[in-house]
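So the protein lines, in turn, are chains A and B. Note that the numbering used here has the first sequence beginning at 24, numbered continuously upward. Note that the numbering used here has the second sequence beginning at 414, numbered continuously upward. Heads up, the thing below is written out as structure tokens.
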Amino acid sequence: MKNIKYLVAGIFFGIVLVKAEVISWFRIQEMFQLTSFHMYGVIGTAVITGIISLQLIKRFKIKTIQGEPIYVAPKTFNKGQVFGGLIFGTGWAITGACPGPLFAQVGMGFTVVGITLLSAIAGTWIYGALKSKLPH
Amino acid sequence: MQILKFIQQPWHWSVSGLLIGLTVPVLLILGNKAFGISSSLRHICAACFPADISFFKYDWRKESWNLFFVAGIALGGFIAGNYLQNGNDIQVAAATQARLAGYGVHDYSALLPPEIFSWSNLFTWKGLVFFVLGGLLVGFGTRYAGGCTSGHSIMGLSNLQWPSLVATCCFMAGGFFSANLLIPYLFKWLN
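Structure below.
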């Protein structure tokens with residue numbers, strides 16, 4: 024039952040993704056064709072909100088609702104962020120969706136995107152199978 | 414009813430961005446969870462087809478919050494798609510509309526163009542490219558990069574992590590290449 028709160032958070036997040044239209048294939052084409060500010064505005068505002076939130080959490084030592092100190096693990100660099108990033112970006116423009124929007128699109132009723140989601144799961148599996156052979 | 418009508422309009426980018434950004438502190442305060450969605454794809458692999466691959470040998474149950482979160486996203490998509498839309502066409506920049514017309518995309522009645530995203534395209538080259546190949550690139554690329562738009566571009570940048578900035582720049586570079594060089598070529602071949 025402790026996971027129900029994440030389901031509720033996901034519901035709100037899914038609604039925001041749809042209303043923000045960031046799950047729209049059209050908005051992704053606009054972003055990469057540089058014909059609209061919309062996506063840059065959404066992502067930029069989200070990042071600024073996130074930065075301010077994390078600074079407040081750190082400064083005021085805000086704890087979780089269970090009373091634990093909040094800790095965010097740092098990211099370590101490897102070449103995967105370059106190679107994988109380029110590959111994902113290529114797919115992002117084709118599908119018009121990153122992983123979160125794939126779930127929202129299926130929920131909205133674009134059931135054929137379920138095939139894209141299954142392919143994305145397969146892509147993750149292929150990465151897992153090839154991991155030791157890839158440059159990192 | 415007035416409130417519902419108000420919500421049913423498309424939301425301004427600043428409101429949308431603020432609410433997406435607030436997901437970062439909300440998940441941390443709810444239980445020290447780092448915002449990130451592509452990990453759910455790994456957990457699904459670990460739960461369903463681990464196939465003795467070391468990358469999938471971990472206790473995915475400990476990360477099950479992530480699966481509840483993405484199930485919520487799908488439910489939220491259902492609610493917003495069925496009850497919170499005003500039924501108007503999506504407003505797309507004229508320059509992009511002109512380019513899409515050249516691709517044979519004319520229908521703006523939904524968030525995704527039905528000329529591409531319909532079941533009738535599944536067993537065609539178009540379906541193979543847009544669903545199967547596109548999905549493979551997204552799933553493979555995000556895991557190789559160690560995160561997607563949520564994990565790197567929002568969570569990582571919010572925490573001022575430079576590897577996430579590198580990843581985000583590469584996402585954008587891949588997208589610019591794809592949307593401007595690859596996709597026009599794909600449509601020429603597919604239409």
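Glycine included, every Cβ here is placed at the ideal spot set by N, Cα and C.
Checking contacts by CB at 7 Å: is residue i closer than that to chain B?
{"i": "residue 122 of chain A", "result": "yes"}
{"i": "residue 107 of chain A", "result": "yes"}
{"i": "residue 114 of chain A", "result": "yes"}
{"i": "residue 137 of chain A", "result": "no"}
{"i": "residue 24 of chain A", "result": "no"}
{"i": "residue 90 of chain A", "result": "no"}
{"i": "residue 52 of chain A", "result": "yes"}
{"i": "residue 56 of chain A", "result": "yes"}
{"i": "residue 102 of chain A", "result": "no"}
Under 8 Å between beta-carbons, which chain A residues line up against residue i? List them in chain order, please.
{"i": "residue 414 of chain B", "result": "The contacting residues do not exist; residue 414 of chain B stays about 18 Å from chain A at best."}
{"i": "residue 515 of chain B", "result": "Under the 8 Å cutoff, chain A gives no residues; its nearest Cβ is about 12 Å from residue 515 of chain B."}
{"i": "residue 526 of chain B", "result": "48 and 49"}
{"i": "residue 481 of chain B", "result": "26, 27, 29, 30 and 33"}
Kindly indicate if chain A contains any beta-carbon less than 7 Å away from that of residue i.
{"i": "residue 438 of chain B", "result": "yes"}
{"i": "residue 594 of chain B", "result": "no"}
{"i": "residue 604 of chain B", "result": "no"}
{"i": "residue 576 of chain B", "result": "yes"}
{"i": "residue 536 of chain B", "result": "no"}
{"i": "residue 541 of chain B", "result": "no"}
{"i": "residue 547 of chain B", "result": "yes"}
{"i": "residue 522 of chain B", "result": "no"}
{"i": "residue 443 of chain B", "result": "yes"}
{"i": "residue 478 of chain B", "result": "yes"}
{"i": "residue 417 of chain B", "result": "no"}
{"i": "residue 490 of chain B", "result": "yes"}
{"i": "residue 552 of chain B", "result": "yes"}
{"i": "residue 587 of chain B", "result": "yes"}
{"i": "residue 600 of chain B", "result": "no"}
{"i": "residue 511 of chain B", "result": "no"}
For residue i, which of the options has the nearest alpha-carbon?
{"i": "residue 102 of chain A", "options": "B:569, B:544 and B:583", "result": "B:583"}
{"i": "residue 555 of chain B", "options": "B:486, B:415 and B:581", "result": "B:581"}
{"i": "residue 482 of chain B", "options": "B:452, B:516 and B:537", "result": "B:452"}
{"i": "residue 419 of chain B", "options": "B:519, B:510 and B:499", "result": "B:499"}
{"i": "residue 593 of chain B", "options": "B:577, B:509, B:562 and B:565", "result": "B:509"}
{"i": "residue 578 of chain B", "options": "B:562, B:588 and B:590", "result": "B:562"}
{"i": "residue 148 of chain A", "options": "B:456, B:541, B:597 and B:507", "result": "B:456"}
{"i": "residue 108 of chain A", "options": "B:422, B:557, B:574 and B:421", "result": "B:557"}
{"i": "residue 68 of chain A", "options": "B:597, B:533, B:427 and B:439", "result": "B:427"}
{"i": "residue 64 of chain A", "options": "A:74, A:45 and A:52", "result": "A:45"}
{"i": "residue 142 of chain A", "options": "A:43, A:126 and A:27", "result": "A:126"}
{"i": "residue 423 of chain B", "options": "B:462, B:586 and B:504", "result": "B:504"}
{"i": "residue 150 of chain A", "options": "B:588, B:467 and B:485", "result": "B:467"}
{"i": "residue 128 of chain A", "options": "B:448, B:539, B:519 and B:486", "result": "B:486"}
{"i": "residue 506 of chain B", "options": "A:99, A:136, A:96 and A:49", "result": "A:49"}
Work out the CA separation of residue j and residue i for me, nearest whole Å.
{"i": "residue 113 of chain A", "j": "residue 544 of chain B", "result": "13 Å"}
{"i": "residue 450 of chain B", "j": "residue 104 of chain A", "result": "16 Å"}
{"i": "residue 90 of chain A", "j": "residue 444 of chain B", "result": "9 Å"}
{"i": "residue 598 of chain B", "j": "residue 36 of chain A", "result": "35 Å"}
{"i": "residue 70 of chain A", "j": "residue 123 of chain A", "result": "16 Å"}
{"i": "residue 521 of chain B", "j": "residue 502 of chain B", "result": "5 Å"}
{"i": "residue 159 of chain A", "j": "residue 416 of chain B", "result": "51 Å"}
{"i": "residue 512 of chain B", "j": "residue 121 of chain A", "result": "22 Å"}
{"i": "residue 55 of chain A", "j": "residue 548 of chain B", "result": "18 Å"}
{"i": "residue 586 of chain B", "j": "residue 38 of chain A", "result": "28 Å"}
{"i": "residue 29 of chain A", "j": "residue 515 of chain B", "result": "43 Å"}
{"i": "residue 72 of chain A", "j": "residue 536 of chain B", "result": "43 Å"}
{"i": "residue 87 of chain A", "j": "residue 441 of chain B", "result": "7 Å"}
{"i": "residue 595 of chain B", "j": "residue 572 of chain B", "result": "33 Å"}
Identify the contact partners of residue i in chain B, using a Cβ-Cβ distance below 8 Å as the criterion.
{"i": "residue 42 of chain A", "result": "420, 423, 424, 429, 493 and 497"}
{"i": "residue 83 of chain A", "result": "Near residue 83 of chain A there are no residues of chain B at all, since even the closest Cβ is about 11 Å away, more than 8 Å."}
Could you tell me if the beta carbon of residue i falls within a distance shorter than 6 Å of some heavy atom in the ligand ZN?
{"i": "residue 595 of chain B", "result": "The ligand ZN is not part of this structure, which contains no ligands at all."}
In chain B, what lies closer than 9 Å to residue i by C-beta?
{"i": "residue 154 of chain A", "result": "466, 467, 468, 556 and 557"}
{"i": "residue 73 of chain A", "result": "433, 434, 435, 436, 437, 438, 448, 567, 568, 570, 571 and 572"}
Given residue i, which residues of its chain have a CB within under 8 Å of its CB, disregarding the five upstream and five downstream residues?
{"i": "residue 517 of chain B", "result": "528, 600 and 604"}
{"i": "residue 478 of chain B", "result": "444 and 446"}
{"i": "residue 85 of chain A", "result": "79 and 93"}
For residue i, which residues from the same chain have a beta carbon less than 6 Å from its beta carbon, with the 5 sequence-adjacent residues on both sides left out?
{"i": "residue 154 of chain A", "result": "none"}
{"i": "residue 118 of chain A", "result": "139"}
So with CB distances below 7 Å, who are the chain A contacts of residue i?
{"i": "residue 506 of chain B", "result": "53, 58 and 59"}
{"i": "residue 532 of chain B", "result": "135"}
{"i": "residue 590 of chain B", "result": "113"}
Can you give me the Cβ contacts of residue i inside the same chain, cut-off strictly under 7 Å, excluding the 5 residues immediately before and after it?
{"i": "residue 460 of chain B", "result": "473"}
{"i": "residue 497 of chain B", "result": "420 and 421"}
When the cut-off is 7 Å and only beta carbons count, does residue i lie next to chain E?
{"i": "residue 584 of chain B", "result": "No chain E appears in the structure shown, which is made up of the protein chains A and B."}
Could you list which residues in chain A have their beta carbon closer than 9 Å to that of residue i, in chain order?
{"i": "residue 460 of chain B", "result": "Chain A residues near residue 460 of chain B: none, gap ~11 Å exceeds 9 Å."}
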